[in-house]
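There are 2 protein chains.
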Amino acid sequence: MAEIIKFVYLFKEGNRDMKELLGGKGANLAEMTRLGIPVPPGFTITTEACNKYYRTKNIFQEGLEDQVRNAVKALETEMGMKFGDPSNPLLLSVRSGARVSMPGMMDTVLNLGMNEEMVRGLIDRTDDERFAWDSYRRFIQMYGDVVLGLKPQRKDEEDPFEVLLDSMKKDRGVAHDTELNAGDLKMLSKDFKDLIRTNLGVPFPRDPWEQLWGAIEAVFGSWMNDRAKTYRRINDIPSDWGTAVNVQAMVFGNMGEDCATGVAFTRDPATGENIFFGEYLTNAQGEDVVAGVRTPYQVTLEGSRRWAQRDQIDEVARERDFPSLEERMPLQYKELVSVYEDLEKHYTDMQDIEFTIQNGKLWLLQTRNGKRTAAAAIKIAVDMVEEGLIDERKAVSRIMPEQLDQLLHPTFDPRMKRDPIARGLPASPGAASGQIVFNAEDAEERSEANEKVILVRIETSPEDIGGMKSAQGILTSRGGMTSHAAVVARGMGKCCVSGCGSLRIDYERRWVDVEGTILKEGDWISLDGSTGEVMLGKIPTISPGIGGDFAKLMFWADGIRRLGVRTNADTPGDAVKAREFGAEGIGLCRTEHMFFEGDRINAMREMILAKDIEGRKKALSKLLPMQRDDFIGIFRAMVGFPVTIRLLDPPLHEFLPHDEESRSQMASELGISVEEVASRTEKLKEFNPMLGHRGCRLGITYPEITMMQARAIFEAAVQMVREGKEVRPEIMVPLVGTLRELELQKDIIDKTAREVMESSSLHVDYLVGTMIEVPRAALVADDIARSAQFFSFGTNDMTQMTFGYSRDDSGSFLPEYVQKGILQADPFKVLDRTGVGQLLEIGTKRGRAVNPRLKVGICGEHGGDPSSIEFCNMVGLDYVSCSPFRVPIARLAAAHAELKEH
Amino acid sequence: MAEIIKFVYLFKEGNRDMKELLGGKGANLAEMTRLGIPVPPGFTITTEACNKYYRTKNIFQEGLEDQVRNAVKALETEMGMKFGDPSNPLLLSVRSGARVSMPGMMDTVLNLGMNEEMVRGLIDRTDDERFAWDSYRRFIQMYGDVVLGLKPQRKDEEDPFEVLLDSMKKDRGVAHDTELNAGDLKMLSKDFKDLIRTNLGVPFPRDPWEQLWGAIEAVFGSWMNDRAKTYRRINDIPSDWGTAVNVQAMVFGNMGEDCATGVAFTRDPATGENIFFGEYLTNAQGEDVVAGVRTPYQVTLEGSRRWAQRDQIDEVARERDFPSLEERMPLQYKELVSVYEDLEKHYTDMQDIEFTIQNGKLWLLQTRNGKRTAAAAIKIAVDMVEEGLIDERKAVSRIMPEQLDQLLHPTFDPRMKRDPIARGLPASPGAASGQIVFNAEDAEERSEANEKVILVRIETSPEDIGGMKSAQGILTSRGGMTSHAAVVARGMGKCCVSGCGSLRIDYERRWVDVEGTILKEGDWISLDGSTGEVMLGKIPTISPGIGGDFAKLMFWADGIRRLGVRTNADTPGDAVKAREFGAEGIGLCRTEHMFFEGDRINAMREMILAKDIEGRKKALSKLLPMQRDDFIGIFRAMVGFPVTIRLLDPPLHEFLPHDEESRSQMASELGISVEEVASRTEKLKEFNPMLGHRGCRLGITYPEITMMQARAIFEAAVQMVREGKEVRPEIMVPLVGTLRELELQKDIIDKTAREVMESSSLHVDYLVGTMIEVPRAALVADDIARSAQFFSFGTNDMTQMTFGYSRDDSGSFLPEYVQKGILQADPFKVLDRTGVGQLLEIGTKRGRAVNPRLKVGICGEHGGDPSSIEFCNMVGLDYVSCSPFRVPIARLAAAHAELKEH
């Protein structure tokens, strides 16, 4: 005979460390019970019972039934009621509860154990006919939906019970459920049962025990439904974790005027202020507080007074019409305060609690860490350190890096209603309103006239940078999270929604068609770059604020992290901003953006169209002083910190104008024929520019470009030395795939450095390294490291090439890939550890094997993503680099990564 | 005191196994000497001496001088002459000689040991003043060029000695050097010496010993010059091999009428016929025979008679004016025959020999394996097996796989003069003449009227396939070796020159501008797809012939190789052709080409433009029967062999028309508005189609396409089973990067297979596998192999993504990369073993670790390249697949790879 295993634990038998066996919810209820908090008694059927149920092909385990019966008996004793006894019925709730909270699992069934006899018994005891019938029809509906499976799986189908409910309300001419009377609800419960019999061919189970077993089996079954399986696959949750089942005695806040129900936060979730904050209703059920049918009252007197003040209600009226729980039920309130204080101390975090008062007795139904705004999170964490509740490491670990975004960008006033007309990718956070313009020139012009504009484009290109800077926000119909628009906007800290596929932009007619709605140039729209929403009209925004608590928390984070945090910055302005955010140098300074401003583009085009090396050199000599000044500006903003400068990277055709008109203008400016311009442009065109003549390939075929850039860098550096300022240039050769490419470029750089230093008699320390971005570079990193002093992983391009995904085109399938669970996340946002990450690891390991002092960093968009930063920390990178606005996020994420590892 | 090392070996002290020490040339001369062949005596200074010279910073080793002096003494004794003795001067030749022949190393210096005294001595002995002065001035020129370094390093500079020679000829009013008399040559030798003194500031060395040491040091030095270093880097030759120096006594064929010189092949190098074949001149120097100033005579009587017959010269005139060596010098001829027979037997290969007869004495100057045509190579190899000289393995190893191309394609008559006007990439071998047309329709139309046309395009796209088939050859101005034009042309076995950058094609004016020359539609041009040359006008071609010897050799090769050889074929015609060439199945059947023919493109476009899944299904149902018929045709051609069918791969926009006119035509055909067509086309456009919405990404977002293709395959397969024919479909899912993609596609395929088999009650064995082409797929091969039954490496795309090179765009830098030695070869032609090869190895190893029965092949262009095939054999692939015309090459290369490994 097999040993009988303990499958059932009363709440008082468990504790919070038993999550594997009891699930998260069960362990938590047990913990509260253990603490002496008044929790309605209950028990948990273990995850082991669930797993065995599956292993034996859906048979309940031996012993399970007896154990459940005994546990119910214990509940009966404690509550002084009896399950299935019409004269004093104990009602139960049944919930699933896996180790981690999981969508797709079974919802709650409340009021289990009812039938018409029980209803009558309940009426006898409570003298509340409406309450009894309402409880019954709710039970049938929940049981029918989640246990018997009548809840539609697709969103566009209607719940059959809701259909009946709606038709009843229509019949009675009422708007709310609460307006239905006991008779209506009784009739509805009959209709509900008929519906079930018609649909399933069997009657609704009358027997409370049959109901209970059915519910338990439904919880087990929900572990293996399709939604749960998909969720587990996407989130890497093993299917053998199983789910527990929580069975708990029902308590009611709607059994009369000595009953109440409410939710509360132990501190203010909006500001973090250390005040008890909650709302309640008397004679109501929990869902009524949330549903908003009745306006809930404040729990504390102070809260109630503040609320009244805001709504300009005088104290007399307040006390009469909106009394606080503190006034209404002072004893229960006192107990609640004592309970919440215990809970917060016990969990050392702000708690979100649910409570019910049944006939004057307080019951706690749930406690969990409360959700909060970023500002509140920081204040609470810092306060708790000062209160001695938690230490600094814990405080740092409490703030989710992504939350910081809220503190760094304006947001729409959350009290304003928003009605999105379209939705794109949340490409760069923040909120903005402005008038539509369709090209960069207009954006610049109108913003100079102090108008606020939103630049709307199919996609953006480096030519648009000026306009992007001038606009409040950028909206594109194409391109992903790492499209040009998205990357540049994030760099500028400017709000951007990209890849908004439902827009049909017509540049010629100067309008955009949003699924039939035509928006014209000059129309006001609003963008939320954190959600990807596009709204009509103007919406007021709230400016961000970074308080002293923020600085304190970041200081603690900096003390924890091992990874350096640099920034991607192309201008002195960006560099200054990034320093303010705590960047420790520049990890990526792209030089190509410097070639678009003002007259430079003409010199650049002259260089591109030159017939021979002499012509190119002449044009480059015009660019030299401008580049030098750029670098001086950037070096000044980064005195004492390393500045990694990437040599020219994009294919040359990106610098040429695309339309007829600009071409002929260019031809006349350069004094050559339009035909010549066209022919050269045609020749430079590429089928796949991403894999084209760019990166160091340009420097190899046109060494004079590298020469000019190196000279500009060293002349700028020498100028800094002359001024007595520390300068640490790190020159980065892009797109290297073979050692020889780097060697050839390094020769030019070193030679130029010698020349500049000799002619100035000043010395500059510098490094030469390379971007590791083509997969081959990672595979032959041991080769390349022979000539490189540093590596910087360009994970944007590396992701493109490793997956074979063009970031500009992948919008047509990538969202579906993520949705179907083919990919766990957009690999351009979150580094793909398995594939791209493998190359990162290989590259770092092989590079360091040859050159142990090799500095290794990352400068793709992933440098600002917390999960990717964690991986960078794991594989031993030296630093990450990200756009200025993500620097604080990266600092915090780097601290988290380190906390996780140790 | 250090032990004295032996640095100098007389020829008679060495043998052919001493290549490491004596270099290739030295070992060979020693071997001939050892065989008793009359070779002018000489000695070799070892590679060790060279290495030590470098290690001691360019100092000659102790003992070297003595050893050289002793060796010269031995030469003097043997020749009965004396080095530096004007009365009977021994003259020497000095040559470099590394282990392998290496361009960039020092050329020969002849006649070393001369000065004006020697000239006079020589005149005394030979009574030939002109001979003596000519020998002297040649010596000064060679010594000045190669030892003193006056030879220009750049091709566009002139040799200063040639300038003087030319001006002398101009002065004397003569055209050839031979017309200068003794006085002229004497004067020239003085001018040469003046030139040297002016340029170097020191006089030309008079002392023979000084000359000798100078030449030896120059050979050593040439090992480390830039050209040699570059060559070694490119060819992976270690720099510590060093070079040997060969010093040999001079013999002269121009010292009178009892002197002669000639070259001969032991068998006919053009046909392979086993007859002695050679040419000679009396009283001449070796270079005179080659230079073509005097018409050389035939060595054998039979050869002489054949020659006379061809040129219609009667026997009397022949005997008088063009006697054979056999008639003229019968004794020496007999000795020569005996020598060549010995040499051929000794080296067991056809020899190319150089001989000189000095005053009636025969000297052999060189023997080496003779170059030969492909046909000759095969005949000689097969004959030698039958003669018992070599075994079958040796015979197979003798034929270079690439040579076979000559046998499979027409070639231009080599006797016709060709004058290339442009040069592109040799994209697909063969030769063709035709009239220029600029679009596919014209090509089809005119070829139907039996005209021969060459299709000239900027690039080709799948729409052009019909026209490409009709044309004699294809010429494009853009695209590399694996551009669409190149790949398709090779598949068709059609001549193609691609990426011919000097063409400026104007479709509208219907002309092409070749650096100023305008060629119009209808003009005749000729293409050589094996060299990339483009010629004006018509050039006659020679058809290929595959004889019985070829079949015999391939049979032997098949017995040796381990790798299977399949073909890439998209049509029954290609499949039949490939079977004739020995393909053992299809490794890649692309299905997209099937969608272009006839009406299909309309159904395809209807599918692409459909608004919903129903519309797509309707269009797909039209394509189903056509696809099924395609597969039936292919299965019939491949009965009993596996057929790997790749599901739809290219992005959908490739199937849409690009110009306004076709679009409106399409709109009216599909009954939708032009605007709708434009909008959908616009939406499908991609920035980097190579990395876009293609491959299995299509099958994931449009599962109905996969369903239709799977159904067509299985219905065709079932039809074969019904006919009692063996069918082995292998369905290949393209562009997989994650396990889940393959699983989702495999589910559809398996489900369709079940349906078709159930409804027909017939069974088909099939495999489902994937193309490994994105780098990530190789990195996670252990994952993917869980669901794959086979892998096929798509090394074209894998090369693109691993390097980040678009094959269509890389023409702008790749040639320079190869030329500069950044890459050893075009990685699209020859597999990059270090990078892409690493992924191949990783993918194979990890895939087999999970699934030991995994079949692994390659279907990129590399499957037909011998070096790449060798690598595939090394890493343990099961088969390679290539275009039909390369199948014999692959079979032979696979045999070579196996021979090399064992």
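Here the protein sequences come in this chain order: A and H. Going by this note's numbering, 350 is the number at position 363 of the first sequence; the sequence numbering is gapless. Going by this note's numbering, 772 is the number at position 785 of the second sequence; the sequence numbering is gapless. We put the beta carbon where it would ideally sit given N, CA and C, even for glycine.
Restricted to the segment 471 to 538 of chain A, the beta strand (DSSP E) segments that are unbroken, complete and at least 3 residues in length are 482 to 485, 490 to 493, 498 to 501, 504 to 507, 511 to 515, 520 to 523, listed in chain order.
By the rule that beta-carbons nearer than 9 Å mark a contact, H/Tyr792 touches chain A.
Of H/Glu663, H/Gly516, H/Asp515, H/Ile492, the smallest CA-CA separation from H/Leu506 is found for H/Ile492. Taking 8 Å as the upper bound on Cβ-Cβ separation, chain H lies near residues Asp784, Gln787, Met788, Thr789, Phe790, Gly791, Tyr792 of the segment 777 to 792 of chain A.
Annotated three-state conformation of A/Pro814 is coil, per DSSP. A/Arg355 places its beta carbon 9 Å or farther from that of A/Arg878. Distances from the CA of A/Pro612 to each of A/Asp599, A/Arg592, A/Phe582 were compared; the closest alpha carbon is that of A/Phe582.
As far as DSSP is concerned, A/Tyr320 takes part in no beta bridge. H/Phe239 is the residue among H/Phe239, H/Asp255, H/Arg293 whose C-alpha sits nearest the C-alpha of H/Leu268.
The residue among H/Gly421, H/Glu495, H/Glu389 with its C-alpha nearest the C-alpha of H/Leu462 is H/Gly421. The count of Cβ pairs closer than 8 Å, one atom from the segment 251 to 271 of chain H and one from the segment 363 to 373 of chain H, reaches three, so the stretches are in contact.
In this structure, DSSP gives A/Val837 a helical state, which the three-state scheme calls helix. Think of a sphere of 7 Å around the beta carbon of H/Ser799: the chain A residues whose beta carbon falls inside it are His680, in chain order.
For the segment 817 to 835 of chain H, the set of residues with a beta-carbon nearer than 8 Å to any beta-carbon of chain A comprises Asp819, Thr821, Gly822, Val823, Gln825, Leu826, in chain order. For A/Ala85, the enclosing beta strand (DSSP E) begins and ends at 79 to 85. With respect to the C-alpha of A/Asp646, the residue from A/Leu634, A/Val661, A/Pro638, A/Arg214 having the closest C-alpha is A/Val661. Distance from the CA of H/Tyr(-4) to the CA of H/Asp132, rounded to the nearest whole angstrom, comes to 27 Å. Note that the C-beta distance between A/Pro413 and A/Ser513 is not below 9 Å. For a cut-off of 8 Å, the C-beta gap from H/Ile441 to H/Ile423 is around 6 Å, short enough to register as a contact.
At a beta-carbon threshold of 7 Å, the residues of chain A lying near H/Arg763 are Thr789, Phe790, Gly822, ordered along the chain. Among the residues facing chain A, H/Thr668 is not included, as its CB has no counterpart in that chain under 9 Å away. If you check the CB distance, H/Gly679 and A/Asp586 do not come in under 9 Å.
It is roughly 31 Å from the alpha-carbon of A/Ala880 to the alpha-carbon of H/Thr789. From the listed residues H/Pro449, H/Ala304, H/Ser415, H/Lys439, the smallest Cα separation to H/Met479 is found for H/Ser415. Scanning the segment 147 to 181 of chain A for uninterrupted alpha helix (DSSP H) segments of 4 residues or longer gives 147 to 159, listed from N- to C-terminal end. Following the DSSP letters along the chain, one finds H/Val664 inside the alpha helix (DSSP H) bounded by residues 661 to 671.
Around H/Asp734, no beta-carbon contact reaches into chain A at under 7 Å, the shortest distance being about 12 Å. Here A/Asp769 is not near A/Gly686, since their CB atoms are 9 Å or more apart.
Rounded to the nearest whole angstrom, the CA to CA distance from A/Arg623 to A/Val708 is 11 Å. Annotation: the continuous beta strand (DSSP E) that includes A/Trp350 extends over 348 to 356.
It is roughly 5 Å from the alpha-carbon of A/Glu571 to the alpha-carbon of A/Arg553. The alpha helix (DSSP H) runs lying completely inside the segment 175 to 248 of chain A and spanning 4 residues or more are 195 to 209, 213 to 222, given in chain order. A/Gly724 belongs to the set of residues whose beta carbon lies under 9 Å from a beta carbon in chain H.
For H/Met677, the C-beta contacts it makes with chain A under 9 Å involve Phe674, Asn675, Met677, Leu678, Gly791, Ser793, in order along the chain. Secondary structure at A/Ile46: coil, using DSSP grouped into helix, strand and coil. Interface with chain H (9 Å Cβ-Cβ cutoff): A/Thr398 is excluded.
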